[in-house]
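Chains as they are written, first to last, in the working numbering: chain A, 1 to 301; chain B, 1001 to 1301.
All C-beta atoms, glycine included, are put in the ideal place defined by N, C-alpha and C.
Predicted model only: the values in this text are computed from it and were never measured.
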């Protein structure tokens, strides 16, 4: 059986309607990424608004994801500000039947490297579920070092590290990934996020892509991942380059989340205004520009 | 009656014992700052670990603060990641008898200025309680502009703006505060935080000091505030300068929170390890250095 922390992991949105989880939309997103052939689903990632949801909402979403993912393994985001809240989320992920947990060092007060190590050590001792170390400085404002990656990778539960986007230059990306690989044992996979650099990251040796777009637009993500994993590096880059107008919108509109929510809403996969307030939806002009891009990319198939 | 958003507001810790709020310690801190003559108490500020506590814990802490503050007005921190959670906290603050609420734009996903304006507008329409706009970029990573201050200050509920530390140079501090004052109507007070620059901020025209140290060491904060508010600018600066070894420890040990927790623990005002995990307590060497500083400052009286 393949290591579940390799290949393409799709991060579905957790759409809300009137501040309540829209379970039907969420199930629809899960079923559609399963049908598209993703390798795993990560429910309650940043794209799944985990940080905004209550413990009960998260338990329910984890359950829905597992129940509708069929044979596709489900990783569940368990991050929270307080260690005891993380452990409660681990419990509900385990009860739901998760295949692993994704854990970011969520911060309000800045955390030290020792704080973060102790958090992961505590979770690693608490559960037998494999752990994905989630390095997302854009949301957590915590900055990992390769030395901390190495310390964490020694913990028995740690199975994968989700790194931020890699450098745009292919050779620089290879050096970047190789430097992490050099300090992390073989059994711990390295997965890239930052969708715009995913092809580059996979070509540079990342074994997984933890993907925002795959949660809503799985087909092009499957294509990029297959090409890279089959050694067709230039095909992967070409497939990614075709999505450049989408990557540009991520930059222009302040990140991938609002753009992907707008796309899901536009395509009827989520109700209008599906993100938790205070995150405002994009406006009509922005949505019109997104529609033009998505239509031109032929992503409606 | 004086505007309650002027003078010295003390931010007590919310000590935990084994991950449960230590109500006796919290009440002790509230009673001791009341006895020291602070002008208001802000419960559940950053120092009070609001972001880490559940809605129920926050409701209980708000109630305890009001019940033990006597005639001293209590402001309650209501910030949360999700607008609906903020409103729930406003409800519990109101039920507790709070005199006002403190609201920071807590982030996981980065927020736009429009997101933050709409958050404050929503809260302003929801409650009659006066609102303190809480600008704390070190924890929220959200950056206000003077233009946003001005927009928020037009909202009917907004009564005060808690700004970060001001420049160290007195004249630069005056220009800094004057620039904010110029765009904010008179009825909205400006309060300084960043304890090391509080004397400078008060001398520069801030009407309030939202103070971390006053939650645990109120006497020197009362002295600084009185001097500044009575126009004895150089006395205020001198009193602040005497605390320079403490300000240095804040910088060296990554902020005021862990230092103040260690001081409270050392003085028997809070149980050992009173901060929510994953925030680790300072180690024994660090505590020894803090004790030397506190003893030398004669703050044990």
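Counting along the chain, residue 1010 of chain B sits inside the beta strand (DSSP E) bounded by residues 1007–1010. Within chain B, the residues 1278, 1279 have their CB atoms less than 8 Å from the CB of residue 111 of chain A, given in chain order.
By the criterion of a C-beta distance shorter than 8 Å, residue 1150 of chain B is surrounded in its chain by 1183, 1184, once the five residues flanking it on both sides are discounted.
Using a Cβ-Cβ cut-off of 7 Å, residue 143 of chain A does not count as an interface residue toward chain B, since no Cβ of chain B sits closer than that to its own. The alpha helix (DSSP H) runs of length 4 or more contained entirely in the stretch 1125–1190 of chain B are, from start to end of the chain, 1137–1140, 1146–1153, 1170–1181. Bridge partners of residue 1076 of chain B according to DSSP: B:1043, B:1101. Any Cβ of chain A closer than 7 Å to the Cβ of residue 1151 of chain B would place that residue at the interface, and such an atom is absent. Linking residue 199 of chain A to residue 220 of chain A through their CA atoms gives a straight-line distance of about 11 Å. A Cβ-Cβ contact shorter than 7 Å links residue 194 of chain A with residue 165 of chain A. Across the set A:112, A:71, A:51, A:223, the C-alpha of A:71 shows the shortest separation from the C-alpha of residue 40 of chain A. For the stretch 47–69 of chain A, the beta-carbon criterion of a distance under 7 Å to any beta-carbon of chain B is satisfied by 51, 52.
Taking 8 Å as the cut-off between beta carbons, the residues of the stretch 1071–1084 of chain B near chain A are 1081, 1082, 1083, 1084, in sequence order. By the rule that beta-carbons nearer than 7 Å mark a contact, residue 1016 of chain B does not touch chain A. Contact annotation for residue 1257 of chain B against chain A: 109 [CB-CB distance below 7 Å, chain order].
Within 10 angstroms of the beta-carbon of residue 105 of chain A lie 16 or more other beta-carbons, which makes it buried. Approximately 5 Å separates the beta-carbon atoms of residue 1052 of chain B and residue 81 of chain A; this is inside 8 Å, confirming the contact.
Residues of chain A with a Cβ closer than 7 Å to the Cβ of residue 1254 of chain B are, in chain order, 110, 112. Beta-carbon to beta-carbon, residue 206 of chain A and residue 177 of chain A are separated by about 6 Å, close enough to satisfy the 8 Å threshold.
Between the alpha carbons of residue 1029 of chain B and residue 1046 of chain B lies a gap of roughly 16 Å. Under the Cβ distance rule, residue 1127 of chain B does not count among the residues neighbouring chain A, no pair being separated by less than 7 Å. Under the Cβ distance rule, residue 44 of chain A does not count among the residues neighbouring chain B, no pair being separated by less than 7 Å.
Secondary structure note for residue 204 of chain A: it is in no alpha helix (DSSP H), with a DSSP letter that is neither H nor E.
Nearest CB-CB separation between residue 282 of chain A and chain B: not below the 7 Å threshold. Residue 1141 of chain B counts as buried, since no fewer than 16 other beta carbons sit within 10 angstroms of its beta carbon. Taking 7 Å as the cut-off, the Cβ atoms of residue 93 of chain A and residue 78 of chain A count as close.
The distance from the Cβ of residue 37 of chain A to that of residue 75 of chain A is about 17 Å, inconsistent with a contact at the 8 Å cut-off.
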